[in-house]
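*Asks:* Residue numbers (the numbering used here), protein chains in the order written: chain A, 17 to 369; chain B, 66 to 316; chain C, 405 to 697.
Idealized CB from N, CA, C, for every residue including glycine.
(1) Evaluate residue 606 (chain C) with the Cβ neighbour count: other Cβ atoms within 10 Å of its Cβ, from every protein chain shown; 16 or more gives buried, anything less gives exposed.
(2) Show which residues of chain C have a CB atom less than 7 Å away from the CB atom of residue 221 (chain B).
(3) Excluding the 5 residues preceding and the 5 following residue 511 (chain C) in the sequence, name in chain order all residues of the same chain whose CB lies nearer than 8 Å to its CB.
(4) For the segment 197-231 of chain A, list the beta strand (DSSP E) runs that are entirely contained and at least 3 residues long, ordered along the chain.
(5) So that I know if they touch, is there some Cβ in chain A lying closer than 8 Å to that of residue 500 (chain C)?
(6) Quick one: Cα of residue 101 (chain B) to Cα of residue 120 (chain B), how far?
(7) Near residue 713 (chain C), what residues of its chain come up, given a Cβ to Cβ distance below 6 Å and the 5 sequence neighbours on each side ignored?
(8) Alpha carbon to alpha carbon, what distance is there between residue 640 (chain C) and residue 583 (chain C)?
(9) When we look at the beta-carbon of residue 174 (chain A) and count the other beta-carbons within 10 Å, is it buried (16 or more) or exposed?
(10) Out of C:600, C:489, C:410, C:491, which has the shortest C-alpha to C-alpha gap to residue 139 (chain A)?
(11) With 8 Å as the threshold, decide whether the Cβ of residue 306 (chain A) is near any Cβ in chain B.
(12) Anything in chain A within Cβ reach of residue 600 (chain C), meaning under 9 Å, just list it in chain order.
(13) Nearest chain B C-beta to residue 178 (chain A) closer than 8 Å, yes or no?
(14) Is residue 339 (chain A) near residue 77 (chain A), with beta carbons less than 8 Å apart?
(15) Could you check where the alpha helix (DSSP H) with residue 583 (chain C) kicks off and where it finishes?
(16) Could you pull out every unbroken alpha helix (DSSP H) segment of at least 4 residues lying fully inside the segment 197-275 of chain B, listed in chain order?
(17) Between the Cα of residue 286 (chain B) and the Cα atoms of B:252, B:261, B:268, B:275, which residue gives the shortest distance?
(18) Closer than 9 Å, Cβ to Cβ, to anything on chain C: give me those residues from the segment 310-326 of chain A, in chain order.
(19) Under 8 Å between the Cβ atoms of residue 206 (chain B) and residue 259 (chain B)?
(20) For a contact meaning CB atoms closer than 7 Å, what does residue 275 (chain A) contact in chain C?
(21) Residues of the segment 181-201 of chain A in Cβ contact with chain B at a cutoff of 7 Å, in chain order, please.
(22) Taking residue 624 (chain C) as part of the beta strand (DSSP E), name the residues at either end of that continuous run.
(23) Whole-angstrom Cβ separation of residue 91 (chain A) and residue 289 (chain A), contact assumed at under 8 Å?
(24) Do residue 85 (chain B) and residue 201 (chain B) have their C-beta atoms closer together than 8 Å?
(25) Would you mind giving the Cβ-Cβ distance between residue 127 (chain B) and residue 77 (chain B), rounded to the nearest angstrom? I have them listed as a contact below 8 Å.
(26) Express the C-alpha separation of residue 202 (chain A) and residue 664 (chain C) in angstroms, rounding to a whole number.
(27) Residue 155 (chain B) bridges to which residues according to DSSP?
(28) Does the Cβ of residue 365 (chain A) have 16 or more other Cβ atoms within 10 Å, making it buried, or fewer, making it exposed?
(29) Check whether the segment 106-125 of chain A and the segment 301-314 of chain A touch, using three or more Cβ-Cβ pairs below 8 Å as the test.
(30) Are the Cβ atoms of residue 595 (chain C) and residue 562 (chain C) separated by less than 8 Å?
(31) Please state if the CB of residue 424 (chain C) and the CB of residue 505 (chain C) are separated by a distance shorter than 8 Å.
(32) Would you report the Cα separation of residue 612 (chain C) and residue 302 (chain A), rounded to the nearest angstrom?
(33) Looking at the structure shown, is residue 357 (chain A) part of a helix, part of a strand, or coil, going by DSSP?
(34) Since residue 327 (chain A) is in the alpha helix (DSSP H), which residue starts that stretch and which ends it?
(35) DSSP on residue 520 (chain C), reduced to helix/strand/coil?
(36) Name the chain A residues that come within less than 7 Å of residue 317 (chain B), Cβ to Cβ?
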């Protein structure tokens, strides 16, 4: 076999696994590093750490998606006084580094970008987005992962560095000038490609794509869902749904919010807060005297139609990234893989217990 | 802005909600400073029982005397706020509803006499008088009582969560005790506002804040039945704090 | 990457302070609020299309969408008609002249006034429905030469429930608009003086004069009214694309983000946010959005 030289423009390096701890330590000097840790048995979260021994490199999904670093669950938009009006509290300017973000969650950020741009771009989101670095990390799927069906199982952009496990090394793709700066600053930690690195990378990619157990056929899904608008399934789901909002809270692309004003005890001042909302909540479409979505089934349906049709029409793709969090979280075991397959007329039950 | 005349009253309960107000240590002076506290028997002497702009009432109506007191306070107050789960839902006292009283007297006091004159059906305030605002909790949450006072100073009611404990539990990234540990957790049908305090400490939600509006008790029952719980287990759990929760039969 | 290209320096959520300079009680639980921004520059710059709305903040209480009921042709005047229905509107009613509120906007698509130019226009209003239509009405009358025939059909329960009564009655004296007013019930003392009709707003259609084939209709009123009014309009030969209506939904942002006002889906119309794709929709949209009316 003829040894190949790697074209210099291909921004790829190798990071020996033994050097990962050092890289984390260096990253810590560039900003606050958040990495996946197991906070309770089988519950993972992005927590502040550069300690490799605390990081769960093999984690599958965090309880909350990393969207909270751009768009916190609850955030004070303004303080106000009755005489001076609204004033925005200062926002941190510090860099935050998300280490170990999986492809689905990186895709989710691109989707949130679309939503928070639009005709009225949201400055808080984009400020955080710009001061956040993303170090991606590959993963192996479980039965609730269906990113392969949603075309989000791999990423080409949206990261500063992306690490793929190829045995003794991580195959590191450099996705931004900042990422390259890190590589340049840590010359000793990174090396060029070795013989066989690319083959191993491809071999593992192939093996990974064969590991997906759950599939949803997404072609023509908008048309099919339109035809199934009156399917009794929506009523059945309405019976099961607890309106607890868990699915939307853990969703990496859900973005609905509520805004709450509150006086403080001083008598002439207070605050305006934004909080994640859920389309499953009873009050979601309540106006004074009338609720446009009184029935749970119409709310469950909205969630599916918004993600699988409306988003496709507006932005050219579904806003679901197949991360499986909603499946893992729903107490009533409403399973999006099953729902979409049933809508397609395929009675495929998941292998989940 | 003249300070609103405020009264804080207790019917039958543990007085924990009045205590929770006194426990607002950092804000207590602000609260007291913002209002003209006319009556708060638990905390001050020289109480004046005339008219109130806002009355906060804790406790369930367990005795005729309670009912009389409640009607009197309602009469004198422009705004009546039910504080605590007993006042909002009947709470623990109302869990006696549906049980033969004489049997309870015998068990608890070893007598068949209605010594405390509490033979009637225990009711939350709203079953007897108009309630303008409900701030549930066992006890009430400090931030909610502060929000209520802050808003009521301006004559408006605060926006309190209407969603379930699960929402706050997900915000906290807690391990789901219902899904992963098969525990009888009332989170999906219980009103949030506590920050999912119990599940955050590994304890299932007991429903102490009362139910959300339109709780899907039937679905929660289905979920728990599959885990081996009986209707009796559920009724016991759901009705500890809110005697009136129904678990509809599935058709 | 998109995130790097977006210019997000302006905060679209931040309300501007505005003063309630005049509060006029109208009929029961309806008041007309006239506002002026504290920043004089904003007063000069603020302009809107008829049918657009603003987000109105009652500080410490909440923010709600309210139709602009003044016409952009009357520069410097911002009027909002608010019915007391809930928490925020009740708090607004507790404010007095000179108190501050927050305003941001205008938002929404508004009426397609440029397309409507040169065409006939029939405005059908019921009850509070006059609020978003009043701006359109005066915009057209102030630019009278640019429009064809204009007719106003306004129905209310009784003369006491009529909004802008004297303003509407003054139109009866103009010959460049056909003004048809009706009340369902006429009080005895008005029997001799009432210059309108008695009956439902739909009864007014029989008095409506000749209307051009490409005429527009703008409809706003209580939900029960739509079905019958739309039927009358179709009978008159109106194109579904030229029947315009203003929708109301829960909104927290007004700018296409919070998702509360989402409606519908049908491939021919799509999925819509009332705040940015509306609040003005055509009857064709409504026919294809199962959740719209």
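*Replies:* Put simply:
(1) As a first step, residue 606 (chain C) must be located in the third chain, where it is residue number 202. It counts as buried.
(2) On the second chain, position 156 is the one that residue 221 (chain B) refers to. Ordered by position in chain C, the residues that pass the 7 Å Cβ test against residue 221 (chain B) are 465, 491, 495.
(3) As a position in the third chain, residue 511 (chain C) is number 107, starting the count at 1. Excluding positions up to five away in sequence, the list reads 456, 457, 458, 459, 469, 658, 659, 679, 680.
(4) none
(5) The residue labelled residue 500 (chain C) in the question sits at position 96 within the third chain. With 8 Å as the cut-off, residue 500 (chain C) does not count as an interface residue toward chain A.
(6) Reading the second chain from its first residue, position 36 is the one you call residue 101 (chain B). Reading the second chain from its first residue, position 55 is the one you call residue 120 (chain B). Between residue 101 (chain B) and residue 120 (chain B), the C-alpha separation is close to 12 Å.
(7) A question about residue 713 (chain C) goes unanswered here, because the residues of chain C that appear run from 405 up to 697.
(8) Translated into positions along the third chain, residue 583 (chain C) becomes position 179. Translated into positions along the third chain, residue 640 (chain C) becomes position 236. Between residue 583 (chain C) and residue 640 (chain C), the C-alpha separation is close to 18 Å.
(9) Here residue 174 (chain A) is taken as the residue at index 158 of the first chain, counted from 1. Buried, by the Cβ-count rule.
(10) Along the first chain, read from residue 1 onward, the residue named residue 139 (chain A) stands at position 123. The option with the nearest alpha carbon to residue 139 (chain A) is C:410.
(11) To locate residue 306 (chain A), count along the first chain from 1; it is residue 290. Not an interface residue.
(12) For the purposes of this step, residue 600 (chain C) is taken as residue 196 along the third chain, with counting starting at 1. Result: empty, since nearest Cβ-Cβ is about 28 Å, beyond 9 Å.
(13) Along the first chain, one-based indexing puts residue 178 (chain A) at 162. Taking Cβ atoms only, chain B never reaches closer than 8 Å to residue 178 (chain A), which makes this a no.
(14) For the purposes of this step, residue 339 (chain A) is identified with residue 323 of the first chain, where counting begins at 1. For the purposes of this step, residue 77 (chain A) is identified with residue 61 of the first chain, where counting begins at 1. Result yes, Cβ atoms of residue 339 (chain A) and residue 77 (chain A) sit closer than 8 Å.
(15) Mapped onto the third chain, residue 583 (chain C) falls at position 179. Per DSSP, residue 583 (chain C) belongs to no alpha helix (DSSP H); it is in the beta strand (DSSP E), 582-587.
(16) 207-217, 230-236, 262-265
(17) In the second chain, counting from the first residue as 1, residue 286 (chain B) sits at position 221. The candidate whose alpha carbon is nearest that of residue 286 (chain B) is B:252.
(18) 314, 318, 321, 322, 325, 326
(19) Indexing the second chain from 1 puts residue 206 (chain B) at position 141. Indexing the second chain from 1 puts residue 259 (chain B) at position 194. Yes, the pair counts as a contact, with Cβ atoms nearer than the cut-off.
(20) Position 259 of the first chain, counted from the start, is the residue given in the question as residue 275 (chain A). Per Cβ cutoff of 7 Å: 467, 656.
(21) none
(22) Here residue 624 (chain C) refers to the residue found at position 220 when the third chain is read from its first residue. 620-624 is the extent of the beta strand (DSSP E) around residue 624 (chain C).
(23) As a working note, residue 91 (chain A) is residue 75 in the first chain. As a working note, residue 289 (chain A) is residue 273 in the first chain. So it is a contact: roughly 7 Å between Cβ atoms.
(24) If you number the second chain from 1, residue 85 (chain B) lands on position 20. If you number the second chain from 1, residue 201 (chain B) lands on position 136. No. Outside cutoff.
(25) Residue 127 (chain B) sits at position 62 when you count from the first residue of the second chain. Residue 77 (chain B) sits at position 12 when you count from the first residue of the second chain. Confirmed, about 4 Å.
(26) Here residue 664 (chain C) is taken as the residue at index 260 of the third chain, counted from 1. Here residue 202 (chain A) is taken as the residue at index 186 of the first chain, counted from 1. Cα-Cα distance, rounded: 47 Å.
(27) For the purposes of this step, residue 155 (chain B) is taken as residue 90 along the second chain, with counting starting at 1. The partner list for residue 155 (chain B) (beta bridge, DSSP) reads B:307.
(28) For this step, residue 365 (chain A) is matched to residue 349 along the first chain. Low per-residue confidence applies at residue 365 (chain A): pLDDT is 49, beneath 50, and the placement is therefore not dependable enough to give any value.
(29) no
(30) Looking up residue 595 (chain C) in the third chain gives position 191. Looking up residue 562 (chain C) in the third chain gives position 158. No; because the gap between Cβ atoms is not below 8 Å, this pair is not in contact.
(31) By one-based count along the third chain, residue 505 (chain C) stands at place 101. By one-based count along the third chain, residue 424 (chain C) stands at place 20. Result yes, Cβ atoms of residue 505 (chain C) and residue 424 (chain C) sit closer than 8 Å.
(32) Along the third chain, read from residue 1 onward, the residue named residue 612 (chain C) stands at position 208. Along the first chain, read from residue 1 onward, the residue named residue 302 (chain A) stands at position 286. Using only the alpha carbons, I get a separation of about 37 Å.
(33) For the purposes of this step, residue 357 (chain A) is identified with residue 341 of the first chain, where counting begins at 1. Looking at residue 357 (chain A) - three-state DSSP - the assignment turns out to be helix.
(34) Position 311 of the first chain holds residue 327 (chain A). First-last of the alpha helix (DSSP H) with residue 327 (chain A): 327-331.
(35) Locating residue 520 (chain C) in the third chain gives position 116, where the first residue counts as 1. Three-state result, residue 520 (chain C): helix.
(36) No information on residue 317 (chain B) is available, as it lies outside the stretch 66 to 316 that chain B covers here.
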